[in-house]
Structure formats: structure tokens, C-alpha cells
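Using UniProt numbering, you'd call the opening residue of the sequence shown number 1 and step up by one each time. Backbone N, C-alpha and C define an ideal beta-carbon position, used for all residues, glycine too. Input: a single structure, listed below in C-alpha cells.
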Amino acid sequence: MRQRQASQGARRAREFEAFVAGAAGRLLHAATLLTAEAPDDNPRARRLLTLALAHTYACWDRLRGEDPYDRTRQYLATRFARAAWHQYGGFGRARPHPGSPLARLAPQERLILVLRLYEGVAEEQTAALLGLPAERVGTICDRATATLLHPPREPARTVAGPKVAPS
Numbered sequence: 001m002r003q004r005q006a007s008q009g010a011r012r013a014r015e016f017e018a019f020v021a022g023a024a025g026r027l028l029h030a031a032t033l034l035t036a037e038a039p040d041d042n043p044r045a046r047r048l049l050t051l052a053l054a055h056t057y058a059c060w061d062r063l064r065g066e067d068p069y070d071r072t073r074q075y076l077a078t079r080f081a082r083a084a085w086h087q088y089g090g091f092g093r094a095r096p097h098p099g100s101p102l103a104r105l106a107p108q109e110r111l112i113l114v115l116r117l118y119e120g121v122a123e124e125q126t127a128a129l130l131g132l133p134a135e136r137v138g139t140i141c142d143r144a145t146a147t148l149l150h151p152p153r154e155p156a157r158t159v160a161g162p163k164v165a166p167s
């Protein structure tokens, strides 16, 4: 009996290691986009990914045909949303890395944009995951996309004209 449990534990560990080897890079990139950190300096994204992978490992035996990537991504998204809500009083603005392409977006906009465009999650699934109407998800995604494609113009610099001597 013990030998059988040890064998099952080793198989579980191998399966999970293979999953992590194949999925961790993409999930880390998604987490880095969510946190709007620099790719080479992303401690919040790494912590988020670690928590999501730990959760997936804890329920690995109960997945029963479920996609582990989908489960991990769902946990990553809900954990990010919950942290943004608690940390910033709703989906307020975190202090993203200024070099991040998504730095101008609020956390909710980043979350929806990453799920919809980077991860390819359907609008209805994103809405169900976040507890929002599908129309709201579509509106937020459109607004976030427009913000990225058409950044606000910086105010024009004033050019000093020739000095006129007082008469």
C-alpha cells in the first residue's frame, strides 16, 4: 500500500513538473503584464505565479480532466483582482513600472485586456470569472485597447519667442 502511494506521489510530481515546464513561462508573462512590472524585475508577478501554481498543485488530483492551465490562469486572475481590490481600495491604480506597455491602464483594464487579448479567453468566460456583465467586459476591453493604441497627447511645449524690449 505504501509503495503504491509513493508511486502515485512520484507520478503526480512528474506530471506537475511537466505542466510547469510547459506553462510557467507563459503564465509568468501574463502575470507580469497584469502587475505591469518590468520583465526582468517582477517580484509581484513571480509571487502571484507561485501562489497560483501552489494552488494548482494542491488540487492536482481533483482536476479530473480539467485543463490545469485554465485552472491556474483562473486562480492567477482572481488572485490579482482580489489583491488589487484590497490593496488599492477597488480597482484603483497601482504603481506600475513606467516602461511597461500596460502602465497607463488601471488594474481592472489590464486584467480584462490580458485575459481577452493575450490569453484569448472569450468575453463571456471573462465576464463569468470576474462577475461582470459581458457587455461591461467588452466596453472595458475596448476602452483599454483604445488607450493603448491612441495614448493621450502630451501638452505642446511653449516656444519662447524673441524678446521684445519695453518701450
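Straight-line Cα distance separating Leu111 from Pro68: Pro68 and Leu111 have their alpha carbons spaced roughly 20 Å apart.
Pair within 8 Å by beta-carbon distance, Leu53 and Thr72: A Cβ-Cβ contact shorter than 8 Å links Leu53 with Thr72.
Cβ-based neighbour list, Tyr75, same chain, cut-off 8 Å, excluding 5 preceding and 5 following: Hits under 8 Å: Leu51, Ala52, His55, Thr56.
Among Leu132, Glu37, Arg12, nearest to residue 174 - alpha-carbon criterion: As displayed, the chain neither begins before 1 nor continues past 167, which places residue 174 out of reach and without an answer.
Pro107 to Thr78 span [Cα, whole Å]: Rounded to the nearest angstrom, the two C-alpha atoms are 12 Å apart.
Sequence-distant residues of the same chain with beta carbon closer than 7 Å to Tyr118, five excluded per side: Same-chain partners within the cutoff: Ala30, Leu33.
Distance, Ala58 Cα to Arg136 Cα: Answer to the nearest angstrom: the Cα atoms are 33 Å apart.
Backbone secondary structure at Asp142 - three-state DSSP: Three-state result, Asp142: helix.
Where Ala36 falls: helix, strand or coil (DSSP): Coil at Ala36, not helix or strand.
Selection from Gln8, Arg47, Glu15, Gln5 that minimises the alpha carbon distance to Leu27: Checking every option, the nearest Cα to that of Leu27 belongs to Arg47.
Neighbour-count burial assignment, Ala144, 16 or more Cβ in a 10 Å radius: Counting the other Cβ atoms within 10 Å of the Cβ of Ala144 gives 16 or more, which makes it buried.
Check: Val20 C-beta below 7 Å from any heavy atom of the ligand ADP: Absent from the structure shown: the ligand ADP. Ligands present: none.
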